[in-house]
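Residue numbers (my numbering): 206 to 490.
Below is the structure:
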């Protein structure tokens, strides 16, 4: 295998190196998912009892003989049930791995001082994803009650296990990933890509977009689930805007090292920082 070339101090890499980097990050993320899925497969019993709890809380009058059980339709559904449960567990357990791989793929394009935020990103990304998944779990039964409750009183609702797991999987992932969006806004502000002024001017459009996204992305698309996703996300975006405000205000107070230079004058190079970067890359190789 060809050894990976270290990026230049300014983060530039050839196209093929970017593709190799993307391949390596995807492989690591997939391996983490497989390891988490293996845990989910081995611990299927208690995990399945936990996942089906929201369905057991639907109105009893729509269940067969007052007992809300999920229905298996096909011969091979037992295998696919285990596989889906394992993938759901794998996605949650491996979230620190694949979230880090996403950030690590972006980080080489950042300056050395900007890559310091990697640990901050990871420290916030994992709790946010887990908080979103937990909120999805707590609200799943509300959406189920709304739509199953619309069935006529003299009918029995038979829900397939595959349909329920698809609903649960979509809810957990959509809520978890949506809670990550405000974090990316903060990180873009920290690296200088997105300013607080631009966030402030786009606040109304951003709030409207969050509600539209919540209405379209939620599997059940009922009003309660939409609000359960949209309102916490808007609060997180407001918190992200506050952090961006304080960061930009603090940055204004710092002296600009390139201030006073003419357009055709080269800025001074920080040779010590470049040497430290190259030495660090050499040790990693």
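Cβ atoms here follow ideal geometry from the backbone N, Cα and C, with glycine treated the same way.
Tell me, to the nearest whole angstrom, how far the beta carbon of residue i is from that of residue j; I am working on the premise that it is less than 8 Å.
i	j	result
residue 425	residue 352	6 Å
residue 246	residue 291	4 Å
residue 336	residue 285	In fact, because the Cβ distance is near 29 Å, the residues do not count as touching under 8 Å.
residue 277	residue 412	Contact doesn't hold; Cβ gap of about 43 Å is too wide.
residue 379	residue 422	5 Å
residue 236	residue 257	The pair is not a contact, with the Cβ atoms about 29 Å apart (cut-off 8 Å).
Please report the straight-line C-alpha distance between residue i and residue j, rounded to a whole angstrom.
i	j	result
residue 437	residue 405	18 Å
residue 244	residue 238	10 Å
residue 433	residue 222	42 Å
residue 408	residue 395	18 Å
residue 281	residue 386	37 Å
residue 327	residue 388	10 Å
residue 259	residue 343	8 Å
residue 370	residue 309	31 Å
residue 345	residue 373	7 Å
residue 402	residue 225	37 Å
residue 261	residue 368	15 Å
Buried or exposed: where does residue i fall if 16 or more other Cβ atoms within 10 Å of its Cβ makes it buried?
i	result
residue 463	In this prediction, residue 463 scores a pLDDT of 48, lower than 50, which makes its location untrustworthy; no coordinate-derived value is stated.
residue 397	exposed
residue 349	buried
residue 457	exposed
residue 417	exposed
residue 273	buried
residue 441	buried
residue 399	buried
residue 356	exposed
residue 177	The structure shown does not extend to residue 177, since the chain is modelled only from 206 through 490, so no value can be given for it.
With a CB to CB cut of under 6 Å and the five nearest residues on each side skipped, what residues in its chain are close to residue i?
i	result
residue 375	424
residue 377	338 and 341
residue 427	348 and 351
residue 429	347
residue 230	306 and 310
Tell me which residues share the same chain as residue i and place their Cβ nearer than 7 Å to its Cβ, disregarding the 5 neighbours each side in the sequence.
i	result
residue 234	302, 303 and 306
residue 294	241, 242, 244, 245 and 252
Does DSSP put residue i in a helix, a strand or coil?
i	result
residue 365	strand
residue 457	helix
residue 276	strand
residue 226	helix
residue 417	helix
residue 248	coil
residue 282	helix
residue 257	coil
residue 171	Nothing about residue 171 can be reported from this structure: the residues present for the chain run from 206 to 490 only.
Suppose the cutoff is 8 Å on Cβ atoms and the five residues either side in sequence are ignored; what does the same chain contact list for residue i look like?
i	result
residue 382	334 and 337
residue 415	435, 438, 439 and 442
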